[in-house]
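Single-structure report; data block below.
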Amino acid sequence: LSFQAGFRAPAPTSVANSAAASRTPAAAMEATPEKLRFLTSEGTLKLREEFGTPFFVYDEATLKRQALKAMDFPHAFGLTVRFAMKALPNAAVLQLFDTLGLHIDASSGFEVRRAMAAGITADKISLSSQELSADLPDLLALGIKYNACSLRQLEAYGKACKGDRTDQLGVRFNPGLGSGGTGKTNVGGPASSFGIWHELMPQVQAIIKEYDLEPARVHTHIGSRPGPAGGGEGG
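Dropping the structure here:
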């Protein structure tokens, strides 16, 4: 789950300082089709006086509306909505989603610690990463959820948590197919490096047996592409 934030909807806004910002002149922004529907040049100058630069302005009402739509998704066996914080790791946004009941999907150990620095508790954070975090044992000790995305990651988890019977471990598979309008949005199939290739199931089972593990989840994501109504579709 991710949301695009910025100069978008005519709704109340919240402001958060940031380490970087666009240098686009106000006059140039006024000429765009968006027409700055909720932020005027005068408003921008006032925000600069109050917060200094650089700063970003996010549409809190739209973020809430989209988050609640996701939370209302039909389900039969329970639903945990996770925000992919790589889309927008601003602490104020993470805290907003936390108050709405969303959990966090982190893609690196750094993101895990950044989310926790924003006040998100470890039990609400799930880590799925390409890189094996050097401090994985420390991250696991905090109580995060962990999806092993390679045989090496699964073995590292086994060495750190032999005999695990908690709900901490998931295994991410590449099912052999993907979905996406371009290679940039297709994260499944032979061309994708994400997840353990499905034909390696015997090796997965061998590692699970060797370290006496009991995974709680099977994780997969095959990509995203425009749906029939122009919305996002993922697997």
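The end of the sequence shown is residue 235 by UniProt numbering, with every number in the run present.
Ideal Cβ positions, reconstructed from N, Cα and C, are used throughout, including at glycine.
Keep in mind that this is a model prediction, so the values were computed, not measured.
Host beta strand (DSSP E) of residue i (start-end)
i      : result
Leu169 : 169–174
The ligand GTP heavy atom lying under 7 Å from the CB of residue i
i      : result
Lys159 : Ligands are entirely absent from the displayed structure, and the ligand GTP is therefore not among its contents.
Limits of the unbroken alpha helix (DSSP H) element including residue i
i     : result
Phe38 : From DSSP, Phe38 is part of no alpha helix (DSSP H); its letter is neither H nor E.
Thr62 : 60–71
Classification of residue i by the beta-carbon crowding that lies within 10 angstroms, buried from 16 upward
i      : result
Gly223 : buried
Asp72  : exposed
Met85  : buried
Ala115 : buried
Arg65  : exposed
His221 : buried
His103 : buried
Asp123 : exposed
Asp105 : buried
Phe77  : exposed
Leu68  : exposed
Val57  : buried
Leu45  : exposed
For residue j and residue i, believed in contact at Cβ under 8 Å, the rounded distance
i           : j      : result
Gly188      : Gly178 : 3 Å
Asp138      : Leu213 : 19 Å between Cβ atoms; not a contact.
Arg172      : Ala148 : 7 Å
Gln168      : Leu140 : 7 Å
residue 238 : Ser108 : This structure gives no information on residue 238, because the portion of the chain shown stretches from 1 to 235.
Leu154      : Val204 : 7 Å
Val93       : Leu47  : At roughly 17 Å, the Cβ-Cβ gap does not stay under 8 Å, so Val93 and Leu47 are not in contact.
Gly158      : Glu210 : 7 Å
Glu60       : Pro89  : So it is not a contact: roughly 16 Å between Cβ atoms.
Ile196      : Ser150 : 6 Å
Simplified DSSP assignment, three categories, for residue i
i     : result
Val57 : strand
Minimum length 3: unbroken beta strand (DSSP E) runs contained in the UniProt domain "Orn/DAP/Arg decarboxylase 2 N-terminal" (73–224): 82–84, 103–106, 125–128, 145–148, 169–174, 217–219
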